[in-house]
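Novice: Chains as they are written, first to last, in this note's numbering: chain R, 1 to 326; chain F, 327 to 652.
Glycine included, C-beta positions come from ideal geometry on N, C-alpha and C.
And the structure:
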């Protein structure tokens, strides 16, 4: 193991290799990353964290590409976290979209990192939040986190962002249905992309109508922007709306509140993931758990009731209070 | 609370209302379900559990509908668990497909239950496994579990099945890509549905070629069946292949092995889910955890390192051995 405090210093100086190394540590669950994260935490908070999600084919990568171009013209340093989809059945067009990003790879003012699920359950929201914080500490002005779909994992990933943009396309009639299922609660902005196709205005109107019906206390009414990202159309307007949302967050005090909530959420995600990791280790090592699993497999014990009984007799039972923090 | 042992008896006698009641208990995480599950467990094992999954639009519900028709003609009692998709962006055609199932609703030899995710994380594989076991105990000859997509949750759900069928469509060129990502490991059979469309033979050939490349020790070579489920074409052949797989499982000893693995997997899923439930309760009640969360939110502590530190000082730390099973 090399000097981890040296790693923190190099990362804070904006060194991309240090950043890559910390991210790899986060991805593989290396606990030594915790020391670096603690070192760099006081130096975070400068970056504006954007999230963008939506159904496959909505052109999210193209929007991110164009937004990056705009931000670079404004001399902003950009960090990008592209999260690959959870479901193997939604990957189709992804590679082509990513290729367009390549022009930014040689730009030292842009740091791009892809994160794949690699089939593991959980962990992804925690990893993405750590990466975003690392990019922030390394000097990014804007961090963009892009993910496909809006399943539970993707909604969890969006828990990293100051501002969440949901991208839709004119054709996706069922997207409106989808909005009811958890998306509306997280969207701060909507983009109807591919607005040069039929139905874009109708889709924008539907979203607007739906927002009017459901928002009870409209502190912030999510704007709906039309874009045709492959030509760059609408991207400046999108950036304007994003800045308006950022200003709203700051003046209303919601920015600090939201970031605090995201941090406690991340804490709990780490605890959950770690509990499951420790349970899996127990399965390898604990003779009494092994005996129980054999009973269950052999039908000498029923899985559900036996699991509850195991917990009631195990040190995993968290009914007792914990000692105070240091 | 009414008499739960009475509930077990009524369920074992095949009473559909008792079945519905137990399933509702499982869905809402009612611990009293554990007693009933323990009562009925020795009476399970008769039913043949089929899983069917695949991308949205592959016609899975239509296949299930036709298969049910065939099984009823053979005087088999059928239980169906239709799991609604995790992602709100993949629901489109679902309702229409389900309507076709309605003709079976009045048939006392068919029990149909839909399970929706309702936005909760986890729990679904555990619930589906419990429901399948309840349907088995209630006298089903065949239990069919249908789910959309092949994300982590769906792969977990398929961990209920003796035989897993993956449904594909001719057009889905990227399905072949998808096969690489976790699907091939679980598929015992493939169906290329909508075989009256162009490209069905080509798709079947691609799947077959891919299987030949990747199977190292072909104890069982997954057959590829062409169906046009909306006309019933290919359904009898599918049932034949399913029976062949069942016979293979039985003669090879793999059936008992697979079921044992599924039971221990379910045990661990219950433990994980319960640990997370208990953690969430601690967040409401434990003063020292609350103090820590406040530190994290206020940036006096860093989320990742603080979470690891919390676990090391908490009763949730499972490093100690557990007492032996009763």
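With a threshold of 9 Å between beta carbons, is residue 520 of chain F in contact with chain R?
Specialist: Residue 520 of chain F does not count as touching chain R.
Novice: Are residue 409 of chain F and residue 480 of chain F close, meaning C-beta to C-beta below 9 Å?
Specialist: Yes, the Cβ-Cβ distance between residue 409 of chain F and residue 480 of chain F is below 9 Å.
Novice: How big is the Cα-Cα spacing for residue 171 of chain R and residue 193 of chain R?
Specialist: In a straight line, the C-alpha of residue 171 of chain R is about 10 Å away from that of residue 193 of chain R.
Novice: Taking the alpha helix (DSSP H) that residue 346 of chain F falls in, what are its first and last residues?
Specialist: Its alpha helix (DSSP H) spans residues 342-353.
Novice: Assuming residue 26 of chain R contacts residue 127 of chain R under a Cβ cut-off of 8 Å, what Cβ separation, rounded to an integer in Å, is found between them?
Specialist: Yes, residue 26 of chain R and residue 127 of chain R are in contact; Cβ-Cβ is about 5 Å, under 8 Å.
Novice: Counting C-beta neighbours from all protein chains within 10 Å, is the total for residue 41 of chain R 16 or more, i.e. buried, or is it exposed?
Specialist: Classification for residue 41 of chain R: buried.
Novice: So residue 624 of chain F contacts chain R; which residues on that side make the cut at Cβ distance below 8 Å?
Specialist: Within 8 Å Cβ-Cβ: 260.
Novice: Where does residue 588 of chain F land, buried or exposed, given buried means 16+ other C-beta within 10 angstroms?
Specialist: By the neighbour-count rule (16 or more Cβ atoms within 10 Å), residue 588 of chain F is buried.
Novice: Tell me where the alpha helix (DSSP H) around residue 237 of chain R begins and ends.
Specialist: Here the alpha helix (DSSP H) through residue 237 of chain R covers 235-252.
Novice: Under the rule that 16 or more other beta-carbon atoms within 10 Å means buried, what is residue 601 of chain F, buried or exposed?
Specialist: Buried, since its Cβ has 16 or more Cβ neighbours within 10 Å.
Novice: Report the three-state DSSP secondary structure of residue 304 of chain R (helix, strand or coil).
Specialist: Of the three classes helix, strand and coil, the one that applies to residue 304 of chain R here is helix, per DSSP.
Novice: If you compare alpha carbons, which of F:559, F:432, F:515, F:627 is closest to residue 574 of chain F?
Specialist: That would be F:515, whose Cα lies nearest to the Cα of residue 574 of chain F.
Novice: Determine the contact status of residue 404 of chain F and residue 468 of chain F, defining contact as a CB-CB distance below 9 Å.
Specialist: Result yes, Cβ atoms of residue 404 of chain F and residue 468 of chain F sit closer than 9 Å.
Novice: Spell out a yes or no on whether the region 338-354 of chain F and the region 547-566 of chain F are touching, meaning 3 or more CB-CB pairs, one atom from each, closer than 8 Å.
Specialist: Contact between the region 338-354 of chain F and the region 547-566 of chain F is absent, because fewer than three Cβ pairs lie under 8 Å.
Novice: To the nearest whole angstrom, what separates the beta carbons of residue 407 of chain F and residue 362 of chain F, a pair I think is in contact under 8 Å?
Specialist: Actually they are not in contact, since the Cβ atoms of residue 407 of chain F and residue 362 of chain F sit about 17 Å apart, beyond 8 Å.
Novice: Which residues, in chain order, does the region 300-314 of chain R contribute to contact with chain F at a C-beta distance below 8 Å?
Specialist: Listed in sequence order: 301, 302, 303, 304, 305, 306, 307, 308, 309, 310, 311, 313, 314.
Novice: Using the Cα positions of residue 560 of chain F and residue 376 of chain F, report the straight-line distance between them to the nearest angstrom.
Specialist: Rounded to whole angstroms, residue 560 of chain F to residue 376 of chain F spans 17 Å at the Cα level.
Novice: Is the Cβ-Cβ distance between residue 490 of chain F and residue 512 of chain F less than 9 Å?
Specialist: A contact, by the Cβ cut-off of 9 Å.
Novice: Tell me, please, whether the CB atom of residue 353 of chain F is closer than 9 Å to any CB atom in chain R?
Specialist: Residue 353 of chain F does not count as touching chain R.
Novice: At a CB-CB cut-off below 7 Å, which residues of chain R make contact with residue 486 of chain F?
Specialist: By Cβ distance, chain R contributes nothing, its closest Cβ being about 11 Å from residue 486 of chain F, past 7 Å.
Novice: Nearest to residue 371 of chain F by CA position, among R:64, R:297, R:313, is which residue?
Specialist: Considering only alpha carbons, the answer is R:297.
Novice: Counting only Cβ pairs nearer than 8 Å, list the residues of chain C close to residue 357 of chain F.
Specialist: Here chain C cannot be found, since the structure's protein chains are R and F.
Novice: How many Å lie between residue 483 of chain F and residue 383 of chain F at the Cα?
Specialist: Computed Cα separation, rounded: 19 Å.
Novice: So residue 276 of chain R contacts chain F; which residues on that side make the cut at Cβ distance below 7 Å?
Specialist: Here the neighbours are 598.
Novice: If we cut at 9 Å on Cβ distances, does residue 567 of chain F have a partner in chain R?
Specialist: So, not an interface residue.
Novice: Can you pull the chain F neighbours of residue 213 of chain R, defined as C-beta to C-beta under 7 Å?
Specialist: Correct list: empty, because the minimum Cβ distance to chain F is about 18 Å.
Novice: In three-state DSSP terms, what is residue 34 of chain R?
Specialist: Helix at residue 34 of chain R.
Novice: Quick one: does residue 422 of chain F have its CB under 9 Å from some CB of chain R?
Specialist: Note that residue 422 of chain F has pLDDT 43, beneath the 50 cutoff, so the model's placement of it is unreliable and the number below is only indicative. By this cut-off, residue 422 of chain F is not an interface position.
Novice: Let me know the secondary structure DSSP gives residue 231 of chain R once reduced to three states.
Specialist: Three-state DSSP puts residue 231 of chain R in coil, outside helix and strand.
Novice: Need the endpoints of the alpha helix (DSSP H) that residue 328 of chain R sits in, please.
Specialist: For chain R, the structure presents residues 1 to 326; residue 328 of chain R sits outside this window and is missing.
Novice: Leaving aside the five residues before and after residue 455 of chain F along the sequence, list all residues of the same chain whose C-beta is less than 6 Å from its C-beta, in chain order.
Specialist: Within the same chain, residue 455 of chain F has close Cβ partners 486, 592.
Novice: Give me the residue from F:538, F:439, F:358, F:349 with the minimum Cα distance to residue 305 of chain R.
Specialist: Per the Cα distances, F:358.
Novice: Under the rule that 16 or more other beta-carbon atoms within 10 Å means buried, what is residue 337 of chain F, buried or exposed?
Specialist: Looking at its Cβ environment, which holds 16 or more other Cβ atoms inside 10 Å, residue 337 of chain F is buried.
Novice: Nearest to residue 269 of chain F by alpha carbon, out of F:620, F:619, F:636, F:374?
Specialist: Outside the displayed range of chain F (327 to 652) lies residue 269 of chain F, so it cannot be described from this structure.
Novice: Measuring only the C-alpha atoms, how far is residue 392 of chain F from residue 558 of chain F?
Specialist: Their backbone Cα atoms lie some 6 Å apart in a straight line.
Novice: Distance check for residue 183 of chain R and residue 556 of chain F, CA to CA, integer angstroms please.
Specialist: Spanning the two alpha carbons is a distance of roughly 33 Å.
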